[in-house]
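K.L.:
Take the sequence shown: its position 79, counted from the start at 1, is 92 in my numbering, and no numbers get skipped. Glycine is no exception: its CB is placed at the ideal position from the N, C-alpha and C atoms.
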Amino acid sequence: MTGRRDFMKGGLALVSIGTTAQSLLKGSVAFAAQNPGDVAPRQAGKILILVQLAGGNDGLNTLIPIGDSAYHSVRKTIGIDDAQALPLVSAFGLCPELKGVKGLWDAGHVAIVRGVGYPEQNYSHFRSMAIWEAGDPELKLDNGWLGRTLDQMESEQHDPFLGLASGIGVPPEMLGSKTAITAIGSPEDYGFRTGGAAGDGTDGRSQTLVKLYEQYPANSPFGVLLETTAGDAVSSSKQLAAIHGAYPPAVQYPATAFGEGLSLLAEAIVGNLGMRVGHITLGSFDTHVQETERHSQLMTEFDDGVTAFYNDLAAHNRADDVLVLTWSEFGRRVAENANGGTDHGSASIMFALGSQVKGGLYGDQPSMTQLIDNGNLSFTTDFRSVYSTVIERWLGVPAQALLGKAWPQLDFIPTA
């Protein structure tokens, strides 16, 4: 039987795995070390991919109010001409960079929720992000809204890929009380590295882990955490390496960090790693200056990435299993500023993309003339209604307890 110290002296040092500080989960290092075969792939249920448009995306320059004189009168420099907008329905069109999203709209696979926000909008990036991440404007609920959801989905057989973040850190909205989240910057760098010149575990990193193992008994909370983390990393790195070597993308992803991250999430889906929630960030949308150029670049990057992602999944017959949902901590002020940009605003839009989405516009369009807070839109759709819809109708978890109360749900995801 391989002991804890022997396992660590094998020269294994953990890199590139994210885990919550309270993840006291099942599993052991000894089991992982003595079962080197690949863990059998397993088909997940419905999968949510959350895309954070960090910095505050300008909803008014994403979903254009065609023919609205109030819009054009206060955005003489950065406003998008009606003729450039990609028409969706009467009086609304997409910004011209979203050609791929427009194609998905035409196929009925895109829903756009308008006027999304919350009461007493906070205009600080950090505070408002914390509110969206917690799913609670008062920040009284524990952990993140997806972390609480994943805790309810955690099965008896722990799965290290249940929640997967593309990036170097675990997003706060995915932090829970018992579910470990795997964060991956790139598949090549994820896993265990051999320590010491001869792989004998004599390097400082491995020795530090050995000391930690010796300090905390195996049945203590920190001992369980250490063993679980290492055990997860062994099994998950084997699984990821196997599917990464065998995965053939059906499309050419854009050579951007966003495109590469979406390709990684597609690998996990097609490879049946058991992922139920994935996360990726695109930014920064904090367009105080020269918004026209910056927003156009970001919308192009978003469009190229999500279109490739959808087409890849469709080619692998997995598009029906995946919902892409966007969020941003706030929108932008209605009027442009003196620097060709926009300042922090309030209500914005959310995209929901997927072959099972009931396409269309949801939520009322905020008034462009009855403004609040020195020139901002009044929200018409509470973001928790969107969360409740996704949690319950897509992920199959009762939402009321997770969000503190019942919220009206939207029909962009049909009821079963």
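I need the boundaries of the beta strand (DSSP E) containing Y375, first residue and last residue.
P.N.:
Element bounds for Y375: G373 to Y375.
K.L.:
Residues in the same chain with beta-carbon distance under 6 Å from L63, minus the five sequence neighbours each way, listed in chain order, please.
P.N.:
Excluding residues within five positions, the ones whose Cβ falls inside 6 Å are H292 and L338.
K.L.:
Going straight from the alpha carbon of K89 to that of L336, what length do you get?
P.N.:
Between K89 and L336, the C-alpha separation is close to 36 Å.
K.L.:
Please list the terminal residues of the continuous beta strand (DSSP E) segment that includes R127.
P.N.:
R127 -> beta strand (DSSP E) spans V123 to G130.
K.L.:
Just to confirm, is the Cβ distance from I91 to T305 under 9 Å?
P.N.:
Yes, the pair counts as a contact, with Cβ atoms nearer than the cut-off.
K.L.:
Assess, as a yes-or-no matter, whether the region 323 to 336 is touched by the region 373 to 392 under the definition of 3 or more beta carbon pairs within less than 8 Å.
P.N.:
No: fewer than three Cβ pairs fall under 8 Å.
K.L.:
Can you say whether N324 is buried or exposed, counting buried as having 16 or more other CB atoms within 10 angstroms of its CB?
P.N.:
Its Cβ being crowded by 16 or more others within 10 Å, N324 is buried.
K.L.:
Kindly provide the ranges of any beta strand (DSSP E) runs that are 3 or more residues long and lie completely inside the region 374 to 398, ordered along the chain.
P.N.:
Counting only runs of 3 or more, we get nothing.
K.L.:
Whole angstroms is fine: what's the gap from V114's alpha carbon to A120's?
P.N.:
Distance between the alpha carbons of V114 and A120 is about 10 Å.
K.L.:
T339 lies in the beta strand (DSSP E); which residues open and close that run?
P.N.:
That run of the beta strand (DSSP E) goes V335 to W340.
K.L.:
Alpha carbon to alpha carbon, how far is I93 from F425? Give it in angstroms, no decimals.
P.N.:
Those two C-alpha atoms are separated by around 27 Å.
K.L.:
Can you list, in chain order, the residues of its chain whose CB lies under 7 Å from that of V123, leaving out five sequence neighbours each side?
P.N.:
Once the five neighbours on either side are set aside, the close Cβ partners of V123 are V114, L117, F364, L366, V370 and G372.
K.L.:
Quick one: is E146 buried, meaning 16 or more other Cβ sit within 10 Å of its Cβ, or exposed?
P.N.:
Its Cβ being crowded by 16 or more others within 10 Å, E146 is buried.
K.L.:
Can you give me the Cβ contacts of E314 inside the same chain, cut-off strictly under 6 Å, excluding the 5 residues immediately before and after it?
P.N.:
Result list for E314: T269 and F271, in chain order.
K.L.:
Closest to S141 by CA distance: which of L188, M166, W340 and A104 is it?
P.N.:
The residue with the shortest Cα to Cα distance from S141 is W340.
K.L.:
Alpha carbon to alpha carbon, how far is V87 from G388?
P.N.:
Cα-Cα distance, rounded: 10 Å.
K.L.:
What would DSSP say about L408, mapped onto helix, strand or coil?
P.N.:
If DSSP states are grouped into helix, strand and coil, L408 belongs with coil.
K.L.:
Over what stretch of residues does the alpha helix (DSSP H) that includes H308 continue unbroken?
P.N.:
Residues E304 to A328.
K.L.:
Report all residues from its chain with a CB closer than 6 Å to the CB of T320; omit the five preceding and five following residues, and keep chain order.
P.N.:
Cβ within range, chain order: G113.
K.L.:
Which of the three DSSP states, helix, strand or coil, is assigned to T428?
P.N.:
Three-state DSSP puts T428 in coil, outside helix and strand.
K.L.:
To the nearest angstrom, report how far apart L326 and V283 are at their CA atoms.
P.N.:
Roughly 7 Å between the two C-alpha positions.
K.L.:
Can you tell me which of V290, I362, D299 and A419 puts its alpha carbon nearest to the alpha carbon of L163?
P.N.:
The shortest Cα separation from L163 among V290, I362, D299 and A419 belongs to V290.
K.L.:
So, with DSSP's three-state summary, where would you put G287?
P.N.:
If DSSP states are grouped into helix, strand and coil, G287 belongs with coil.
K.L.:
Among D317, G68, L416 and G318, whose alpha-carbon lies nearest the alpha-carbon of D395?
P.N.:
Of the candidates D317, G68, L416 and G318, the one whose C-alpha sits nearest the C-alpha of D395 is L416.
K.L.:
Should Q65 be labelled buried (16 or more other beta-carbon atoms within 10 Å of its own) or exposed?
P.N.:
Buried is the call here.
K.L.:
When you compare the CB positions of G72 and R345, do they come within less than 9 Å of one another, or not?
P.N.:
Yes, Cβ-Cβ distance for G72 and R345 is below 9 Å.
K.L.:
Which first and last residues belong to the beta strand (DSSP E) in which F105 is found?
P.N.:
First-last of the beta strand (DSSP E) with F105: F105 to L107.
K.L.:
Using beta-carbon positions only, say whether M288 and G198 come within less than 9 Å of one another.
P.N.:
Against a cut-off of 9 Å, the Cβ pair of G198 and M288 comes out as no contact.
K.L.:
Would you list the one or two residues that DSSP bridges to R345?
P.N.:
Bridge partners of R345: H357.
K.L.:
For G176, list the residues DSSP reports as bridge partners.
P.N.:
According to DSSP, G176 bridges with V290.
K.L.:
In terms of residues, what are the limits of the beta strand (DSSP E) holding Q65?
P.N.:
Taken as a continuous stretch (DSSP letters only), the beta strand (DSSP E) holding Q65 covers I60 to A67.
K.L.:
Do you know whose CA, among D95, R127, P78 and I77, lies nearest S361's CA?
P.N.:
Checked all of D95, R127, P78 and I77; the closest Cα to S361 is R127.
K.L.:
In the DSSP assignment, find the unbroken beta strand (DSSP E) run with I77 in it and report its ends.
P.N.:
First-last of the beta strand (DSSP E) with I77: L76 to P78.
K.L.:
What are the residues that DSSP puts in a beta bridge with G296?
P.N.:
Paired residue(s): A67.
K.L.:
Rounded to whole angstroms, what is the Cα-Cα separation between E280 and S368?
P.N.:
Each residue's alpha carbon lies about 19 Å from the other.
K.L.:
Does F174 pass the burial test, meaning 16 or more other C-beta atoms within 10 Å, or should it be called exposed?
P.N.:
The residue is buried, with at least 16 neighbouring Cβ atoms inside 10 Å.
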